[in-house]
Amino acid sequence: MTWVAVARKDFRDAVRSRALWALSAVFLLMAGGISVAYATVDEISGGAPSAAGLVFFVAGVIGTFVSLAAILACYRAVAGERDSGTIKVLLSLPHSRADVVLGKLFGRTAVLALPVVGTLVLGVLLGGALMGDVDVLATLLLAVVALLFTLAYVGIMVGLSAAAATTTRAATYTIGFFVVVELFWDVVVFGIAFAANGFSFRGVTDFPAWLYPVTQVPPSSSFVTSLSAVIPDAPTAAGGAGGMSPAQIDAFFATPWVGVVALAVWAVAPVGLGYLRFQRADL
Amino acid sequence: MAAIELDGLAKYYGDVTALDGVDLTVEEGEIFGFLGPNGAGKSTTIDILLDFVRPSAGSATVLGMDAQARSERVRQRVGVLPEGYEVYGRLTGREHVEFVVESKGATETPADVLERVGIADAADRAAGGYSTGMRQRLLLGMALVGDPDLLILDEPSTGLDPAGVREIRRIVRGVAEEGNTVFFSSHILSQVEAVCDRVAILRQGQVVAVDSVEGLRDAAETEATLRVRTDGITDAAVAAVRGLEGVASVTRQGDEVVAGVADSAKTAVINALEDAGVAVVDFETEETSLEELFLSYTQGDAGARAEGPDTPAGEEVDG
Chain U
1 MTWVAVARKD FRDAVRSRAL WALSAVFLLM AGGISVAYAT VDEISGGAPS AAGLVFFVAG
61 VIGTFVSLAA ILACYRAVAG ERDSGTIKVL LSLPHSRADV VLGKLFGRTA VLALPVVGTL
121 VLGVLLGGAL MGDVDVLATL LLAVVALLFT LAYVGIMVGL SAAAATTTRA ATYTIGFFVV
181 VELFWDVVVF GIAFAANGFS FRGVTDFPAW LYPVTQVPPS SSFVTSLSAV IPDAPTAAGG
241 AGGMSPAQID AFFATPWVGV VALAVWAVAP VGLGYLRFQR ADL
Chain C
1001 MAAIELDGLA KYYGDVTALD GVDLTVEEGE IFGFLGPNGA GKSTTIDILL DFVRPSAGSA
1061 TVLGMDAQAR SERVRQRVGV LPEGYEVYGR LTGREHVEFV VESKGATETP ADVLERVGIA
1121 DAADRAAGGY STGMRQRLLL GMALVGDPDL LILDEPSTGL DPAGVREIRR IVRGVAEEGN
1181 TVFFSSHILS QVEAVCDRVA ILRQGQVVAV DSVEGLRDAA ETEATLRVRT DGITDAAVAA
1241 VRGLEGVASV TRQGDEVVAG VADSAKTAVI NALEDAGVAV VDFETEETSL EELFLSYTQG
1301 DAGARAEGPD TPAGEEVDG
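Protein chains in written order, with our numbering: chain U, 1 to 283; chain C, 1001 to 1319.
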């Protein structure tokens, strides 16, 4: 297994993307602004800003940032090397195709970890300084879950890139994923509820219990839900379409840990499937 | 043990045949030229040797190891100068070499490698800003890391200035002097001719000739084009010439007969024409160059070429 060499090379390459750093700068500013607003504007914090609540506000910024930055930083990860021909440099060395995919996964996760941790630290410290309180445990847990979330998103994008023969197709797959699974997942959830209810609509409170895991499909939803699972006394527990809360549902899967499971699946399955396709491809 | 052994190697992309049953043995320690026009299947062959592409039929063995099943072991011992000279634009020359050294577990220092190919002063510049020649030097340096037993060069002369071409030759000879094998793919005969011990000529996915460069040169020298001007030609005279031993092709062009002939058959052609009652006004012979011979292998009717060389294809009109 020589994937560490691939990861190191890939990190050095991807970390020099100007577009990624421009996007990171925008989100750093946004994280700073949002945490200041949370700490000082009652209408935003609901009148009772808390250090744990701030963590969830910062998490929201990270959720959006990672989903966009992962597309930007990863859609060309494998397909771009096939397009340009550098894959023939890479694979003329004694790397297996699994080494290539793993190296890309961890190399690019490490690149994205930099702005993610930066955003997190800036947001939590700035807001914390204004409130005079920092929840250290919640911040550390946010860091851990945010890195798992980053790994999952990079896995999705690297997997789609590995499955694509050209950069154009990789762009279609990755942006298509974002549009369907992140932007319009609410529509999908409501559509399923509508169909399950005999094509009539009765309202969110009447959603069947089994719909709850479906609402956790978008990685950014499962990210926020995972946070509420691991952070004790989390003030906001609802992530996902329709605001379904596991507290209102009586089923074994009605727990925010569903979010952790969803993140774990996202971290493993797409990159695994993408690898299988890449493994069989003629380059 | 052969450095490369291809056995019935075939690759089909749907209806398109890229390789059609290639058998080839490259011995250890030789500089082997792999010649053919663009699209003949040279790159596909190299892609199979490196497991970029999986064969539809047949097998490829590199340094005694199956090119598919043991690809990583193969690539551990092979150095490759890929076609097109693509590099990672954001990485420096030094970082490229560091990556190769780490990937192969080699011991070279990147600075020495870059020195060896003459781009040490550009070591810390991003390779995206390198000229074609510099990129090619960088990739050549990378290909030589770890002292490979087999060096594969895919169209190494494309886009190079004469100095770069000479540099390639110097390095190729150096690699061979150390007892290693070089597999040199090119569509330019003169590049291969200058450096290779043996060549295979590939055409439309098939090997149409394998010979030493001397052997090919001999074949070229025994072939000539004989052009005979007469005062009027008859079909019987043309038929008589065609029936002669050592005559590969006959073409009638107005009052002229153009024949591809072996050296020994020239006089027989003149005699046969005169015996058939045709008056010979004048005649001239043109020696076939190695380049023309190569063209004759790679153009026109492949079946005839498999038997042996004859006149350049362009002259085979209504014969």
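Idealized CB from N, CA, C, for every residue including glycine.
None of the values given here were measured: they were computed from a predicted structure.
Taking 8 Å as the CB-CB limit, is residue i close to chain C?
i                      : result
residue 5 of chain U   : yes
residue 278 of chain U : no
residue 92 of chain U  : yes
residue 108 of chain U : no
residue 150 of chain U : no
residue 96 of chain U  : yes
residue 9 of chain U   : yes
residue 23 of chain U  : no
residue 114 of chain U : no
residue 142 of chain U : no
residue 239 of chain U : In this prediction, residue 239 of chain U has a pLDDT of 48, which is less than 50 and means its spatial position is unreliable; nothing more can be read from the coordinates.
residue 2 of chain U   : yes
residue 20 of chain U  : no
residue 125 of chain U : no
residue 120 of chain U : no
Residue i lies in the beta strand (DSSP E); which residues open and close that run?
i                       : result
residue 1024 of chain C : 1016-1027
residue 1229 of chain C : 1223-1230
residue 1035 of chain C : 1031-1035
residue 1007 of chain C : 1002-1013
residue 1249 of chain C : 1247-1253
residue 1274 of chain C : Unbroken run through residue 1274 of chain C is the alpha helix (DSSP H), 1266-1275; no beta strand (DSSP E).
residue 976 of chain C  : Outside the shown range of chain C (1001 to 1319) lies residue 976 of chain C, about which nothing can therefore be said.
residue 1095 of chain C : Where residue 1095 of chain C is concerned, there is no enclosing beta strand (DSSP E), although the alpha helix (DSSP H) it sits in stretches over 1093-1104.
Can you check whether the C-beta of residue i is within less than 8 Å of a C-beta belonging to chain U?
i                       : result
residue 964 of chain C  : Lying before the first or after the last residue shown, residue 964 of chain C is absent from chain C, which here runs from 1001 to 1319.
residue 1099 of chain C : yes
residue 1052 of chain C : yes
residue 1080 of chain C : yes
residue 1087 of chain C : yes
residue 1293 of chain C : no
residue 1090 of chain C : yes
residue 1042 of chain C : no
residue 1076 of chain C : yes
residue 1157 of chain C : no
residue 1178 of chain C : no
Quick one, are the C-beta atoms of residue i and residue j less than 8 Å apart?
i                       : j                       : result
residue 119 of chain U  : residue 27 of chain U   : yes
residue 1143 of chain C : residue 1150 of chain C : no
residue 1117 of chain C : residue 1153 of chain C : no
residue 1028 of chain C : residue 1001 of chain C : yes
residue 1205 of chain C : residue 1041 of chain C : yes
residue 1145 of chain C : residue 1108 of chain C : yes
residue 1223 of chain C : residue 1288 of chain C : yes
residue 1078 of chain C : residue 1148 of chain C : yes
residue 256 of chain U  : residue 225 of chain U  : yes
residue 51 of chain U   : residue 134 of chain U  : yes
residue 1295 of chain C : residue 1036 of chain C : no
Would you kindly report the start and end of the unbroken alpha helix (DSSP H) that includes residue i?
i                       : result
residue 1183 of chain C : Premise fails: residue 1183 of chain C lies in the beta strand (DSSP E), 1181-1186, not in any alpha helix (DSSP H).
residue 267 of chain U  : 257-280
residue 299 of chain U  : Residue 299 of chain U is absent from the structure shown; chain U starts at 1 and stops at 283.
residue 1206 of chain C : Premise fails: residue 1206 of chain C lies in the beta strand (DSSP E), 1206-1212, not in any alpha helix (DSSP H).
residue 153 of chain U  : 136-163
residue 1177 of chain C : 1162-1177
residue 1283 of chain C : From DSSP, residue 1283 of chain C is part of no alpha helix (DSSP H) but of the beta strand (DSSP E) over 1280-1287.
residue 1292 of chain C : 1290-1298
Please identify the residue among the options whose C-alpha is closest to the C-alpha of residue i.
i                       : options                           : result
residue 1234 of chain C : C:1251, C:1223, C:1225 and C:1150 : C:1251
residue 82 of chain U   : C:1063, C:1052 and C:1267         : C:1052
residue 271 of chain U  : U:153, U:9 and U:280              : U:153
residue 1082 of chain C : C:1209, C:1121, C:1135 and C:1215 : C:1135
residue 106 of chain U  : U:148, U:124, U:261 and U:65      : U:148
residue 126 of chain U  : U:8, U:214, U:54 and U:228        : U:54
residue 18 of chain U   : U:69, U:64 and U:197              : U:69
residue 197 of chain U  : U:187, U:188 and U:208            : U:208
residue 1228 of chain C : C:1198, C:1199 and C:1279         : C:1279
residue 150 of chain U  : U:277, U:99, U:266 and U:76       : U:266
residue 1244 of chain C : C:1212, C:1098 and C:1261         : C:1261
residue 77 of chain U   : U:40, U:43, U:94 and U:167        : U:167
Cβ closer than 8 Å: which chain A residues qualify as neighbours of residue i?
i                      : result
residue 104 of chain U : Considering every chain present, this structure includes no chain A. Its protein chains are U and C.
>> By the 9 Å beta-carbon criterion, what residues does the segment 253-265 of chain U contribute toward chain C?
In response: none
> At a Cβ cut of 7 Å, what residues of the segment 68-90 of chain U count as close to chain C, listed as they run along the chain?
Replying inline: Along the segment 68-90 of chain U, the positions whose C-beta sits under 7 Å from a C-beta of chain C are 84, 85, 86, 88 and 89, read in chain order.
> Just by C-beta distance, which residues in the segment 169-190 of chain U are closer than 8 Å to chain C?
Replying inline: none
> Listed in chain order, which residues of the segment 1009-1023 of chain C have Cβ atoms closer than 7 Å to some Cβ of chain U?
Replying inline: Those would be none; no residue qualifies.
> Relative to chain U, which residues along the segment 1103-1124 of chain C have a C-beta separation below 7 Å, given in chain order?
Replying inline: Listed in sequence order: 1103 and 1104.
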